[in-house]
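In UniProt numbering, the protein residues as written are 1 to 319.
The structure appears below as structure tokens.
Printed below as a string of structure tokens:
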């Protein structure tokens with residue numbers, strides 16, 4: 001009897017094993033898409049892994065994994081998934097572009113550039129790819145290439161606020177302050193008082209020497225972005241230039257409270273304290289400035305110039 005059942009069941013077991021090992025990855029992928037559309041992202045990832053087990057070169061499955069991980073903010077996993085997607089489908093513009101985006105968000109700019117440039121080889125008319133390539137070259141401080149790709153993006157989409165801001169950033173970095181100001185103002189006229197435009201415009205005014213205009217703009221910006229440390233940092237610098245050391249110290253204090261450990265705020269505060277100490281002939285105040293610099297150095301030790309300044313001004317007597 002047992003032998004008879006074994007003969008009957010064995011072919012069925014073999015058939016079941018064979019069927020299980022030959023699942024259609026496309027059908028599994030469709031199930032994953034449906035799960036993702038229902039908001040069941042984690043289950044979708046598990047289902048996509050099943051599809052990949054059935055076909056290890058299934059680029060669409062890797063692509064959707066990349067999309068889901070990107071939405072979830074799991075950028076490292078997203079990058080790995082997109083890398084696999086473009087490995088098995090090297091002409092996928094969508095996956096190359098997204099590989100660039102997640103690596104940009106991870107501050108891996110060289111890797112992002114590689115992906116964006118490959119994406120543009122497939123679709124050179126893409127505004128988004130040109131814009132992000134320009135933005136990435138800006139981060140890499142290759143301003144000539146940043147300007148070239150930004151110009152291409154402008155040919156595709158002439159009236160674009162984010163692009164005007166990027167142009168402003170590039171021109172500020174290359175000391176073309178009047179052109180930068182014109183770009184920021186164009187964006188400001190279209191969008192209104194937005195801090196992401198007003199703050200870099202304020203910096204461009206400072207660097208162009210338009211200190212009163214910069215101060216007026218930055219004071220206005222406080223009303224729309226009271227928690228942005230850069231506003232107080234820039235005002236601290238303007239106060240320092242005006243030799244209003246008390247106001248400078250206060251603005252740098254606020255900047256540091258909003259972004260603890262910020263190097264520019266600590267160094268600027270140190271300068272303000274030291275100059276106030278010399279003006280008031282108060283060594284205690286001067287030493288507060290030295291202490292601010294020491295905090296900055298402790299947080300970022302590789303600053304030989306700052307180390308030299310600390311040694312120099314520690315020896316100088318207040319008279």
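Each residue gets a CB set at the ideal place from its N, CA and C atoms; glycine is no exception.
Which word fits residue 95, buried or exposed, when buried means at least 16 other C-beta atoms lie within 10 angstroms of its C-beta? buried
Within 8 Å, strictly: CB atoms of residue 189 and residue 161: no
When you compare each of 261, 221, 229 to residue 251 by their alpha carbons, which one comes out closest? Of the candidates 261, 221, 229, 229 places its Cα closest to the Cα of residue 251.
Ignoring anything shorter than 4 residues or poking outside the segment 25-79, list the alpha helix (DSSP H) runs there in chain order. Entirely contained in the segment 25-79, the alpha helix (DSSP H) runs reaching 4 residues are, in chain order, 25-37, 41-54, 59-71.
Can you give me the Cβ contacts of residue 136 inside the same chain, cut-off strictly under 6 Å, excluding the 5 residues immediately before and after it? 104, 109, 112, 113
Please say whether residue 165 and residue 143 have beta carbons closer to each other than 8 Å? no
Rounded to the nearest angstrom, how far is the Cβ of residue 153 from that of residue 182, given a contact under 8 Å? Going by Cβ atoms, the distance from residue 153 to residue 182 rounds to 18 Å, so no, they are not a contact pair.
Mind checking whether residue 268 and residue 305 have CB atoms under 8 Å apart? no
According to the neighbour-count rule (16 or more other Cβ atoms, all chains shown, within 10 Å of its Cβ), is residue 21 buried or exposed? With a pLDDT of 46 at residue 21, under the threshold of 50, the predicted position of this residue should be treated as unreliable, though the coordinate-derived value follows. It is exposed - the Cβ of residue 21 has fewer than 16 other Cβ atoms within 10 Å.
If residue 215 sits next to residue 238, beta carbons under 8 Å apart, how far is it from one beta carbon to the other, in whole angstroms? 5 Å
Tell me whether residue 129 is buried or exposed, calling it buried when 16 or more other Cβ atoms sit within 10 Å of its Cβ. buried
Taking all protein chains shown into account, decide if residue 226 is buried (16 or more other Cβ within 10 angstroms of its Cβ) or exposed. exposed
Give the DSSP-derived three-state secondary structure of residue 225 in the structure shown. Looking at residue 225 - three-state DSSP - the assignment turns out to be coil, as it is neither helix nor strand.
Run of the alpha helix (DSSP H) containing residue 144, from where it starts to where it stops: 143-156
Under a Cβ-count criterion, where at least 16 other Cβ atoms within 10 Å of its own Cβ denotes burial, should residue 163 be classed as buried or exposed? buried
DSSP state of residue 175 mapped onto helix, strand, coil: coil
My understanding is that residue 272 touches residue 249, with C-beta atoms under 8 Å, so please give their C-beta distance in whole angstroms. 5 Å
Rounded separation between residue 69 and residue 156 - CA only: Using only the alpha carbons, I get a separation of about 30 Å.
Are there 16 or more other CB atoms within 10 angstroms of the CB of residue 203, so buried, or fewer, so exposed? buried
Collapsed DSSP secondary structure at residue 259 in the structure displayed: coil
DSSP state of residue 244 mapped onto helix, strand, coil: Coil.
Going by beta carbon distance, what residues of the same chain come within less than 8 Å of residue 175, once the five residues before and after it are set aside? 207
For the segment 180-216, list the beta strand (DSSP E) runs that are entirely contained and at least 3 residues long, ordered along the chain. For the segment 180-216, not a single whole beta strand (DSSP E) run of length 3 or above is found.
Name the residue from 54, 29, 82, 224 whose alpha carbon lies nearest to the alpha carbon of residue 44. Out of 54, 29, 82, 224, 29 has the C-alpha closest to the C-alpha of residue 44.
Are the beta-carbon atoms of residue 205 and residue 197 separated by less than 8 Å? no
In angstroms, rounded to a whole number, what distance separates the CA positions of residue 46 and residue 83? 19 Å
Between the alpha carbons of residue 72 and residue 39, how many angstroms are there, rounded? 11 Å
Quick one: complete alpha helix (DSSP H) runs, 4+ long, within the segment 75-110? Unbroken alpha helix (DSSP H) runs of no fewer than 4 residues, entirely contained in the segment 75-110, are found at 75-88, 93-105, following chain order.
Same chain, Cβ closer than 7 Å to residue 146, neighbours up to 5 away in sequence not counted: The answer, listed in chain order, is 134, 137, 138, 170.
Please name the residue, chosen from 107, 117, 127, 177, that lies closest to residue 140 on a Cα-to-Cα basis. It is 107 whose Cα lies nearest to the Cα of residue 140.
Buried or exposed (CB count within 10 angstroms, at least 16 for buried), residue 172: When all chains shown are included, residue 172 counts as buried.
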